[in-house]
Each structure stands twice: as C-alpha cells, then as structure tokens.
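Scroll down for the structure; my scribbles are underneath it.
Protein chains: 2
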Amino acid sequence: MLSHTEENHLKAIFHLSKDQNEGVSTNSIAQNLKTKAPSVTDMLKKLCDKNLITYKKYQGALLTDDGRKTALNIIRKHRLWEVFLVEKLEFNWSEVHEVAEQLEHIKSKKLINELDRFLGYPTKDPHGDPIPNPAGFIKHTTKVLLSDLKKGEKGTFVGVKDSSSAFLKFLDKRKISLGSLIEILHIEDFDDSLHVSIGNTNLTISMKSANNIYLKKQ
Amino acid sequence: MLSHTEENHLKAIFHLSKDQNEGVSTNSIAQNLKTKAPSVTDMLKKLCDKNLITYKKYQGALLTDDGRKTALNIIRKHRLWEVFLVEKLEFNWSEVHEVAEQLEHIKSKKLINELDRFLGYPTKDPHGDPIPNPAGFIKHTTKVLLSDLKKGEKGTFVGVKDSSSAFLKFLDKRKISLGSLIEILHIEDFDDSLHVSIGNTNLTISMKSANNIYLKKQ
DNA sequence: AATTATTTTTAGATTAATCTAAAAATTTTG
DNA sequence: CAAAATTTTTAGATTAATCTAAAAATAATT
Ligand SMILES: [Mn+2]
Ligand SMILES: [Mn+2]
Ligand SMILES: [Mn+2]
Ligand SMILES: [Mn+2]
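Right, dumping it as structure tokens:
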C-alpha cells in the first residue's frame, strides 16, 4: 500500500517523462511537487526499492511497467473524479483540480469502477485529457497547438496545455470552451497575436495563450 | 487544518460520549481506533492545546463546542458519502463504511455542500443514522430496541445499533431492511428469542440480534 | 582541460504518529 | 482502609516525511 507522497511522486514522474531513455530529474520533480530536492532523492530510493522506478544516482528516475501502471491508475482516479465534480456537482472546470488531488488517493477498486459506470464511462476529463482504462491503457488523440496553425486554418478546441485555474478562468471570460470551432483570420506581425473567430464572434488571442490551446485540426 | 488522526480522535470521542460530565477514557478511545493508550494520551494533549477538547490527566476527554462541531462535520461527511455510495454507486449498506472512513477526510466545503444538494438533502444515512446539517445540528428521533418490546407490540425498523458488516449481511440474508414493519408474536421463555412477523413472513430472532435493531414504535 | 556553475546527494535535524516497557495514579476489593 | 488490580501516563525508541547546509558529482564555459 503506497502513501499519498509515494503516489504523488509516481504521478509527477509520469507527467514529467518525455523520453523513454532519459530519466526525470530530481529538481524537476521537486519543483512539480513543491518540495525540495533532498526529499525527492529519499523518495526515489524508496520507490526504487519497491521496483516502481529505476534509479541510479545522478541519473534521474524512470518508471518501471509496474510504476507506470500505478501512476496511470492514480491519473484515472483523478480524472474520473474531475468529471464527477463537473458533471454531477456543478463545479467549474477551474475548481476541480485541487479536490481531485485529494480524491485520487482514496483506495477502493469498487468505488472507482462504480464511479466510472455512474458517469457513463467517460473518455475525457473536463480539460480534454484522456481517462486511462482500468488496465492503464490511455488513448491519445492527435492534437495541435493553436499557435502552430497558419492563417485560414481551423480546428476544434479539444484541450488545454496549461490547466491552471487562472488560464481556465481566462478562457471562461472569453467564452472559449471545449468543442468551440476556432479559425485563424489573421496573424499580427508585430507581436504574433492571433485574430480568430470562435463561434460567431471574433477576438484577439496572445501568443502566450495560443500556446496553451490544443485543437483538433479540420 | 487537522490531520486524519486528529479528526479520527474527535469522532471517536464524540461517539463514545454518553454523559456531558464524564470524560471519555483513554482506553476506550484506543480500543475504538485500534491504537494503543499512549498514542491516545499524546493526541489528547494535542487536541487540548488546540481547544478542541478539555482534558485533565487521568480524567478523560470532553469535547469543547468547537470540537463537537468539528466532529459533527466529519460525521456529516461520512454519512453523506455513505448515502452517495448506496444511492448512486450501488454499494450495499454493508460495504460503505470502510470507504466512507477515507472519504470523510476530504477537505472541501463546496464538495460536501454540492454532494448534499446532489443527493437531495438526505436526513438519514443507509444505516438509519441522522445526518447533521452544515451547522452541526443533529436531529434525533425517538427509537427503541426490538429487545425492549413486549409481545403484541410492533414498530418500523429504523436503524441498527451494531453496524458491522457481519450484522448487516445477516439482516440482508433474512430480508430485514430499513422500513420493515416488525411485530412481536411471541417471546420464548427459555432463551428470550423472539418470534416476529416481518412483512408477511414469520421468523425467529435471537436476543443478541434483537438488541441491535432499533424500531420506531407504533 | 581547467575552472566555474549547476545539480544532486549526503549528513544531520525536526515534527508527527506510532509502539513497548516501566512508572505513577486511580479504582476496586477483601 | 490497605493491598491488589486496573488504568493512565511517562520515558524512550522507531518510522516516515520533511527541511537546511555542506559535500560530491556532473555539466557548462572559458
Ligand atoms: Mn487535474
Ligand atoms: Mn484534468
Ligand atoms: Mn459508517
Ligand atoms: Mn452509517
């Protein structure tokens, strides 16, 4: 039985893993979990002893198959609870993360499987992220950043890269929600800001924001 | 912010409080929480420092107003989650307690108030126990043990004293569920066992079981 | 390649929650 | 009411999670 802290480390390592070969650095984990490097080093040793990661001094951490499966199970719980909060408890998508961080550690196979059924087996969380199945299989869809589109191209808003509460509220204010059709009307030379149409309104989006909006290209 | 352990101690003290004057003993708390007396003594000192209980050496613990309100808030969460598990996630009433013991520690005012609304503001949990309101007010109903009834008397099954999984399954097996009308047909002299009618079937109930069944007298 | 900068680990301390064994206080009993 | 039994507390140790400061290793730069 893993502690909350152990589970949080596994999840952080999963989210920070880009490359299969390159270990996730101690500092990046510390930053992600708002803790300090020595605490992470201790935890990496422990997770290595439990065969959830491979870890050699100064070489960062890599999830084992077992560790990866464990991480995906926690992410599954996190995302299912987020769906529950939005669909059933009328939370805004900007409010769910903090509570899901707590709920993801509840231990009960039956609970999460029944929750999944109750929610109608959702495949995406409120931020557009895929929900792993009970076996830890995750379905990726091809998506592209709004900032990578050219003038005249369009796509459907399917997810956010930055899911901070601040950014989500920013999107709410501009009525940009998952499923919106976005088309690039013009790209400003001076500051790379984008003039886009969303539904039947036009607005300007900064490069920084465009860099956090995922689209499914059409 | 209280730890799980602190919250569990407050809840135990609440459940073990009979008398307003008599402090709850260290050993009874230890037994209730499956821990040892020295651990409890340490925790009592801490809770006293936080003004959640009054505690004088060798005199047991008494909840302060603040402590009582905190305990009732945890109990409110526990019981609302139990309702959720039974009503929405198809748990049996014998399966919910363990999971609710975890869920009751999730910290989010909004979560619990929205859950309450989602469930339709229930007043009782699946075992017939009352759900405190957000202010910590709890509504008691008069009820009597089946074992206290005399021949010919009857009542509605409204709660259990022993809510162990074993007893709840025992009741399931005999199709005795909350709301059943129970009438005492005969009391056996030899072993005090009860012949009762439940709905349209008759059966025999031991004194030990009758001592754990609450009825609303009719 | 040597120096400097950065990252990571080790060393050592702290706080919380737990335990066993022993001492102290209270309660029960003859 | 004194002795015995029970309960409670204290003393001291252990494990987990955390931190700061210092040492060691690695990476980047002249
Ligand atoms: Mn989240
Ligand atoms: Mn999410
Ligand atoms: Mn319960
Ligand atoms: Mn209950």
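Chains A and B, in that order, give the protein sequences.
Just so it is clear: in the first sequence, position 14 is 13 by numbering that gives the first Met the number 0, and no numbers are missing.
Just so it is clear: in the second sequence, position 165 is 164 by numbering that gives the first Met the number 0, and no numbers are missing.
Glycine included, every Cβ here is placed at the ideal spot set by N, Cα and C.
Residue environment, residue i, which counts as buried when at least 16 other CB atoms sit within 10 Å
i	result
P133 (chain B)	exposed
H126 (chain B)	buried
M0 (chain B)	exposed
G66 (chain B)	buried
H77 (chain B)	buried
T200 (chain B)	exposed
Whole-angstrom distance between residue j and residue i, CA atom to CA atom
i	j	result
K10 (chain B)	K68 (chain B)	10 Å
D48 (chain A)	L61 (chain A)	13 Å
K149 (chain A)	S2 (chain B)	52 Å
K55 (chain B)	D124 (chain A)	51 Å
K44 (chain B)	K35 (chain B)	15 Å
E21 (chain B)	F166 (chain A)	54 Å
M206 (chain A)	E89 (chain A)	31 Å
F189 (chain B)	A209 (chain B)	16 Å
I175 (chain A)	N91 (chain A)	14 Å
K106 (chain A)	R75 (chain A)	13 Å
G135 (chain A)	L110 (chain A)	17 Å
K168 (chain B)	P129 (chain A)	38 Å
L15 (chain B)	Y57 (chain A)	53 Å
L145 (chain A)	D18 (chain A)	24 Å
T141 (chain B)	Y213 (chain B)	10 Å
Y120 (chain B)	I52 (chain A)	45 Å
N112 (chain A)	G151 (chain B)	47 Å
K108 (chain B)	I204 (chain B)	43 Å
Sequence-distant residues of its chain with Cβ nearer than 6 Å to residue i (five each side left out)
i	result
S164 (chain B)	S93
K153 (chain A)	E182 and Q217
A29 (chain A)	K35, A36 and V39
Same chain only: Cβ atoms within 7 Å of residue i, ignoring 5 sequence neighbours per side
i	result
E6 (chain A)	I73 and H104
R173 (chain A)	L202
N26 (chain B)	A36
Beta-carbon contacts of residue i that lie in its chain and below 8 Å, excluding the five residues immediately before and after
i	result
W80 (chain A)	V95, V98, A99, L102, E103 and L114
N50 (chain B)	T63, D65 and G66
H8 (chain A)	I28, L32, V39, M42, L43 and L46
T4 (chain A)	M42
Beta carbon of residue i nearer than 9 Å to that of residue j
i	j	result
I183 (chain A)	S192 (chain A)	no
G198 (chain A)	L180 (chain A)	yes
K87 (chain A)	F117 (chain B)	yes
V159 (chain B)	K215 (chain B)	no
D161 (chain B)	N211 (chain B)	yes
T155 (chain A)	K138 (chain A)	no
V157 (chain B)	G178 (chain B)	yes
P131 (chain A)	L84 (chain A)	no
E23 (chain A)	G59 (chain A)	The question names Glu, but residue 23 (chain A) in the sequence shown is Val. The answer is yes: Cβ separation under 9 Å.
Ligand 3 heavy atom lying under 8 Å from the CB of residue i
i	result
H3 (chain B)	no
E81 (chain B)	yes
H104 (chain B)	no
Residue i CB to nearest heavy atom of ligand 2 below 8 Å
i	result
H139 (chain A)	no
V95 (chain A)	yes
R78 (chain A)	yes
A99 (chain A)	yes
Any non-hydrogen atom of ligand 1 closer than 8 Å to residue i Cβ
i	result
R173 (chain B)	no
A60 (chain A)	no
E6 (chain A)	no
Near ligand 4: residue i beta-carbon under 8 Å from a heavy atom
i	result
S164 (chain B)	no
P125 (chain B)	yes
D128 (chain B)	yes
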